[in-house]
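Undergrad:
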Amino acid sequence: MGTAAYDVVVLAGGASRRFGGVDKATLVLEGVSLLDRVLTATDSAVSTMVVGPERVTCRVVDWTQEDPPAGGPVAGVAAGLGFGTAAVVVLVSCDLPWLTGRDVALLVDGLGEYDGHGLRDVGGREQPLAAAYRREALTAAVEAVGDPRDRSVRRTFAPLRMLWSEPSLAGRDVDTWADLDDPGTAAPVE
Numbered sequence: 001m002g003t004a005a006y007d008v009v010v011l012a013g014g015a016s017r018r019f020g021g022v023d024k025a026t027l028v029l030e031g032v033s034l035l036d037r038v039l040t041a042t043d044s045a046v047s048t049m050v051v052g053p054e055r056v057t058c059r060v061v062d063w064t065q066e067d068p069p070a071g072g073p074v075a076g077v078a079a080g081l082g083f084g085t086a087a088v089v090v091l092v093s094c095d096l097p098w099l100t101g102r103d104v105a106l107l108v109d110g111l112g113e114y115d116g117h118g119l120r121d122v123g124g125r126e127q128p129l130a131a132a133y134r135r136e137a138l139t140a141a142v143e144a145v146g147d148p149r150d151r152s153v154r155r156t157f158a159p160l161r162m163l164w165s166e167p168s169l170a171g172r173d174v175d176t177w178a179d180l181d182d183p184g185t186a187a188p189v190e
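With full-length UniProt numbering applied, the sequence shown closes on residue 190, and no number is skipped along the way.
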């Protein structure tokens, strides 16, 4: 596949409240941390910015945090967008363990004239933190909210013209321990 050049912003700074404060990025599925699974799926990015505290990872990445930390995902997006120059930004949360390189390529290549092309989870729920975006459109949406701290992702991204995938395992995020305990849904890392 001739995937267009893209930068990736990985959100990995959440509080993981539903995991009792355990760092979700470091949870392991099939011997690989959730963060490393996402980094493997996005290893063809021109640049990789991980927003959150620094951790040991499977490949070299750059790190940043929103200022002050713990400002929520929109603040994390704002911090991450300050880096890279590719016209397309793949924005993913660190809790997408079934995301593959093929999924990322399909998002980037399928962007077309839309502002963003995102994944739906197996239940059909749109996942704005699992999508490829035109940098210019995403930046404008984030800037339009002013202070990004504690802003709603869905409201912030609402002005964007989005294309959504068919429901798939790739869009399934891990929000609870039960999400990790279903071995029938596991997929290989590509």
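Don't be surprised by glycine CBs; every beta carbon is placed ideally from N, CA and C.
May I ask which residues mark the beginning and end of the beta strand (DSSP E) holding Pro128?
TA: Along the sequence shown, read from residue 1 onward, the residue named residue 128 stands at position 128. Element bounds for Pro128: Glu126 to Arg134.
Undergrad: Going by alpha carbons, who is nearest to Tyr133 out of Leu34, Val88, Asp36 and Asp150?
TA: One-based indexing of the sequence shown puts residue 133 at position 133. For the residues Leu34, Val88, Asp36 and Asp150, the minimum Cα distance to Tyr133 belongs to Val88.
Undergrad: Please give the ranges of any alpha helix (DSSP H) in the segment 24–107, keeping only runs that are unbroken, at least 4 residues long and fully inside the region.
TA: Counting whole runs of 4 or more residues, the segment 24–107 contains the alpha helix (DSSP H) stretches 34–41 and 73–80.
Undergrad: Rounded C-beta distance between Leu138 and Cys94? I'm assuming under 8 Å.
TA: Mapped onto the sequence shown, residue 138 falls at position 138. Mapped onto the sequence shown, residue 94 falls at position 94. About 18 Å; that fails the 8 Å criterion.
Undergrad: Met162: which of Lys24, His117 and Thr85 sits nearest, CA to CA?
TA: In the sequence shown, residue 162 corresponds to position 162, counting from 1. Out of Lys24, His117 and Thr85, His117 has the C-alpha closest to the C-alpha of Met162.
Undergrad: Given this structure, state the Cα-to-Cα distance separating Val46 from Val142, to the nearest angstrom.
TA: On the sequence shown, position 46 is the one that residue 46 refers to. On the sequence shown, position 142 is the one that residue 142 refers to. Straight-line Cα distance between these residues: approximately 22 Å.
Undergrad: Should the segment 155–174 be called in touch with the segment 95–109, which here means at least 3 C-beta pairs below 8 Å?
TA: Yes: at least three Cβ pairs fall under 8 Å.
Undergrad: I'd like the list of long-range same chain contacts for Ala75, defined as Cβ closer than 7 Å, with 5 residues on each side in sequence excluded.
TA: Numbered from its first residue, the sequence shown carries residue 75 at position 75. Once the five neighbours on either side are set aside, the close Cβ partners of Ala75 are Glu66, Pro148 and Arg149.
Undergrad: Along the alpha helix (DSSP H) that carries Arg120, what are the first and last residues, could you check?
TA: The count along the sequence shown starts at 1 and reaches residue 120 at position 120. Here Arg120 belongs to no alpha helix (DSSP H); instead the beta strand (DSSP E) covers Gly116 to Arg120.
Undergrad: Please state the DSSP three-state secondary structure of Asp109.
TA: Numbered from 1 along the sequence shown, position 109 holds the residue referred to as residue 109. Helix, per DSSP.
Undergrad: Could you give the first and the last residue of the continuous alpha helix (DSSP H) run that contains Val153?
TA: The residue labelled residue 153 in the question sits at position 153 within the sequence shown. Its alpha helix (DSSP H) spans residues Val153 to Phe157.
Undergrad: Under 8 Å, do Leu91 and Leu129 count as touching if we go by C-beta distance?
TA: Indexing the sequence shown from 1 puts residue 91 at position 91. Indexing the sequence shown from 1 puts residue 129 at position 129. Yes, the Cβ-Cβ distance between Leu91 and Leu129 is below 8 Å.
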